[in-house]
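Report on one structure; see the data block that follows.
Residue numbers (the numbering used here): 403 to 547.
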């Protein structure tokens, strides 16, 4: 335990590591994640409610639960999959393009919140400002920030 604590303490003390105050704010992170999500998710790949329901139920199956207990020592948490399914139910009546926008915004906000967390890789690395995106995959309606 002491080695782990000292490793984290030494990681915070490095001069190259960005401080919490130099990290981008939530809106900037959300815009960055939104641009990345839009580039990697075409309209046809937005999951349907049935697919999300299947993923939610599969999470409770014995195989994934045993694997999670073996790897982490606890039963797996299926609430993020349930929340995805519930969100999908709220977007059923939307047009496909609006549904994609809502899905991308939700995913970007989730990832931005994860980046703000305590164990984010941004405590060590800074996000590249000029992303390496293939121009054929860039969605013009979601430009990078």
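No residue lacks a Cβ here, since even glycine has one placed at the ideal position from N, Cα and C.
- Item | residue 505: first and last residue of the uninterrupted alpha helix (DSSP H) it sits in | Translated into the one-based positions of the chain shown, residue 505 becomes position 103. For residue 505, the enclosing alpha helix (DSSP H) has its first and last residue at 498 to 518.
- Query: In terms of residues, what are the limits of the alpha helix (DSSP H) holding residue 434?
  - Reply: Here residue 434 corresponds to residue number 32 of the chain shown, with the count starting at 1. Where residue 434 is concerned, the enclosing alpha helix (DSSP H) stretches over 428 to 442.
- Query: Do you know offhand how far residue 463's Cα is from residue 444's?
  - Reply: Taking the first residue of the chain shown as position 1, residue 463 is located at position 61. Taking the first residue of the chain shown as position 1, residue 444 is located at position 42. Straight across, the Cα-Cα distance linking residue 463 with residue 444 is about 30 Å.
- Query: To the nearest angstrom, how far is it from the Cα of residue 481 to the Cα of residue 455?
  - Reply: If you number the chain shown from 1, residue 481 lands on position 79. If you number the chain shown from 1, residue 455 lands on position 53. Straight-line Cα distance between these residues: approximately 12 Å.
- Message: Residues in the same chain with beta-carbon distance under 6 Å from residue 539, minus the five sequence neighbours each way, listed in chain order, please.
- Response: Numbered from 1 along the chain shown, position 137 holds the residue referred to as residue 539. 441.
- Message: Residues in the same chain with beta-carbon distance under 6 Å from residue 499, minus the five sequence neighbours each way, listed in chain order, please.
- Response: Within the chain shown, residue 499 is the residue found at index 97, counting from 1. Same-chain partners within the cutoff: there are none.
- Which class does residue 460 belong to by DSSP, given the choice of helix, strand or coil? Within the chain shown, numbered from 1, the residue matching residue 460 stands at position 58. Three-state result, residue 460: helix.
- Item | Buried/exposed call for residue 366, threshold 16 Cβ in 10 Å | Shown here, the chain extends from 403 to 547; a query on residue 366 therefore has no answer.
- Task: Check each candidate in 459, 471, 497 and name the one with the smallest Cα separation from residue 485.
- Result: For the purposes of this step, residue 485 is taken as the residue at position 83 of the chain shown. Looking at the Cα atoms, 459 is the closest of the given residues.
- Task: Please state whether DSSP places residue 453 in a helix, a strand or coil.
- Result: Residue mapping note: residue 453 aligns to position 51 of the chain shown, counting from 1. Three-state DSSP puts residue 453 in a helix.
- Item | Inter-residue Cα distance where the pair is residue 451 and residue 469 | For the purposes of this step, residue 451 is taken as residue 49 along the chain shown, with counting starting at 1. For the purposes of this step, residue 469 is taken as residue 67 along the chain shown, with counting starting at 1. Rounded to whole angstroms, the separation of the alpha carbons of residue 469 and residue 451 is 25 Å.
- Query: According to the Cβ coordinates, are residue 473 and residue 489 closer than 8 Å?
  - Reply: The residue given as residue 473 occupies position 71 in the chain shown. The residue given as residue 489 occupies position 87 in the chain shown. Cβ atoms of residue 473 and residue 489: not closer than 8 Å.
- Item | Chain-order list of residues whose beta-carbon lies under 7 Å from that of residue 541 (same chain, five-residue window excluded) | The count along the chain shown starts at 1 and reaches residue 541 at position 139. If we look at residue 541 and ignore the five residues flanking it on each side, its Cβ neighbours are 440, 441.
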